[in-house]
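Numbering (the numbering used here), first residue to last: 206 to 417.
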C-alpha cells in the first residue's frame with residue numbers, strides 16, 4: 206500500500222492504493238494447464254493458448270474467473286474474486302472497474318444492486334457502480350464512492366491513470382481509497398507492476414519477467 210497527494214491538479218487529496226489477494230483454486234488449475242500444455246478444459250470446453258498473444262489474453266481473462274472460448278462464448282469458472290469483493294466491502298459504497306463483458310455478467314450476479322449509470326451512482330447511498338475500463342475511465346465522476354475497486358486491469362498505463370482519477374475532485378474532503386483485487390495465480394500483479402512504472406503491459410514485458 207502507498208499514498209500520495211494530487212497537488213498538481215490544484216487541490217490536495219490523499220490517495221491510498223492497496224492490493225488485495227484472493228485465493229482461486231479452480232482458476233489456478235486452468236492457468237497451470239494453459240502455461241504448460243497451451244490448452245485447458247472446462248466442462249468439456251477447450252480453452253486454447255497456442256500463440257503467445259492468445260495465451261496472454263486467456264491468462265488475463267482467467268485472472269478474474271472467466272474465460273472466452275474459441276466460439277466467442279464466455280464462461281464463468283470461478284466466482285471467488287467477485288464474492289471476495291462483495292464480502293470485503295460490505296456496507297461500503299463502491300465503484301468497480303472491470304475489463305471483460307464476462308466479468309460484468311458475473312458481477313451483476315453477485316451485486317443485485319448494481320448500476321452502470323455514473324449519475325445514478327453519484328446520488329445513490331447504496332448502489333454498486335460497474336464500469337468497463339474502456340468506456341468509464343475518462344470523464345466519469347465517481348467521487349462519492351467510499352472506494353474504487355479494480356476487479357482487473359487493462360494493459361495500458363493511460364487507462365490506469367485515467368480510471369484512478371475518477372475518484373478525485375476538489376469537492377472530496379476525505380481520503381480517496383483505490384483497491385486492486387488480484388488473484389493468487391493470475392497476471393494482475395505483473396500488469397500492476399508495469400503501470401506503476403508508467404509502462405504499458407506488453408508481451409515483451411511479460412515474457413521478460415516470467416520467461417517463455
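Heads up, the beta-carbon is just placed ideally off N, CA and C, and yes, glycines get one too.
Q.
According to DSSP, simplified to helix, strand and coil, what is residue 252?
A. Against the chain shown, residue 252 aligns to sequence position 47. Strand, per DSSP.
Q: Would you mind sorting residue 258 into buried or exposed? The rule is 16 or more other CB atoms within 10 Å of its CB.
A: Against the chain shown, residue 258 aligns to sequence position 53. So residue 258 ends up on the exposed side.
Q | Option in 254, 287, 392 with minimal Cα separation from residue 238 | A | Taking the chain shown and counting its residues from 1, one reaches residue 238 at position 33. For the residues 254, 287, 392, the minimum Cα distance to residue 238 belongs to 254.
Q) So the beta strand (DSSP E) residue 224 belongs to, where does it begin and stop? A) Here residue 224 refers to the residue found at position 19 of the chain shown. Its beta strand (DSSP E) spans residues 219-227.
Q) In this structure, what does DSSP give as the bridge partners for residue 337? A) In the chain shown, the residue the question calls residue 337 occupies position 132. Answer is 303.
Q: Under 7 Å Cβ to Cβ from residue 308, same chain only, skipping five residues before and after it: list those, please.
A: Walking along the chain shown from the start, residue 308 turns up at place 103. The answer, listed in chain order, is 269, 271, 356, 357.
Q. So does the region 380-398 actually touch the region 332-341, counting three or more Cβ pairs closer than 8 Å?
A. no
Q | residue 271, enclosing alpha helix (DSSP H) - first and last residue | A | For this step, residue 271 is matched to residue 66 along the chain shown. Element bounds for residue 271: not the alpha helix (DSSP H) but the beta strand (DSSP E), 271-273.
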